[in-house]
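Quick note on numbering: the sequence shown equals residues -3 to 231 in my numbering. No residue lacks a Cβ here, since even glycine has one placed at the ideal position from N, Cα and C. Computed from a prediction, not measured in an experiment: that's the story for all the values here. For reference, the structure discussed in these notes is given below.
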Amino acid sequence: MPTKEELERAAPRDRGGEVHLRSAPQLREYEAAADRIAADRPGRLLDWGCGYGQMSHLLKARRIDVTSIEWHPDAPPEGEVVRSERFPDVELTRTPEPVKLPYDDGSFDAVLSMGVLEHVHSPEGSLDELHRVLRPRGRLYVYKLPNERSYLERIAKRAGFYYHGQLENDRLYTLDSARRIVEEHGFRVEELRLANMLPLSLTGEAGERLAPAIWSANRALARVPGLNRFATNVE
């Protein structure tokens, strides 16, 4: 078993291995998010904590001007620009800075946090930085905040798999706490919801074949009042 230190040093996307890149149902979620963001036609967007660059890749395909950055503890002090090993069209900046961003005030029209805010060293400090690099009336998109009432998180914990809350910097949210933390750092919430009732990490031929049905059922169940209290994510 890896030590806590080894897990902490892994990028957030690495904690689930590459299954999210190979799962057709999971890809449906990424594509839905990319479509939603592209519909707003943001000018310049920061993919904050971009991981392998899967969202940057999808947004670039939708003609969005994307800047990609990923925290990496072993990056040089000044940071480094590398090409994604999985998505060659994506160049990303690796930075050893857990909070401070190497961009001027008001550099971006939008910021995307896809499964990132719940893992960072200081969510308060990071939200202040994101607010700083956004232009006035810029938009922050936050996906995959883990819901503290999620039934899937409880199953993962009992089964001995990785679950949110296992590591020192992991945080869980509710609709109220998610709203409160972003509002306390200068943002106004326009949309807030619970999402994802079914596991999306199904790979191989079965995943390809069942992806439409899984994604459709997943979205429908997340709209059922009461039941959706146990959804996986806050968005």
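In the pairwise beta carbon analysis, the segment 125 to 144 is classified as touching the segment 96 to 113: at least three pairs are separated by under 8 Å. Around the CB of ALA213, fewer than 16 other CB atoms lie within 10 Å, so the residue is classed as exposed.
Burial of VAL230 is indicated by the presence of at least 16 other C-beta atoms within 10 angstroms of its C-beta. Contact check between the segment 140 to 156 and the segment 76 to 89: fewer than three CB pairs, one atom from each, fall below 8 Å, which does not count as touching. Residue environment: PRO94 is assigned as exposed (fewer than 16 neighbouring CB atoms within 10 Å of its CB, all protein chains considered). PRO132: member of the beta strand (DSSP E) spanning 130 to 139, first to last residue.
Taking 9 Å as the cut-off, the Cβ atoms of THR199 and SER19 count as close.
In the structure shown, the three-state DSSP call for ASN229 is strand. When the five nearest sequence neighbours on each side are left out, the beta carbons in the same chain lying within less than 7 Å of the beta carbon of GLU204 are those of ALA20, in order along the chain. Within the segment 14 to 85, the complete alpha helix (DSSP H) segments at least 4 residues long are 15 to 18, 20 to 35, 50 to 57, listed from N- to C-terminus. Excluding sequence positions up to five before and after ARG131, its CB lies within less than 8 Å of the CB of GLY102, SER103, PHE104, ASP105, all in the same chain and listed in chain order. Between the alpha carbons of THR91 and PRO72 lies a gap of roughly 7 Å.
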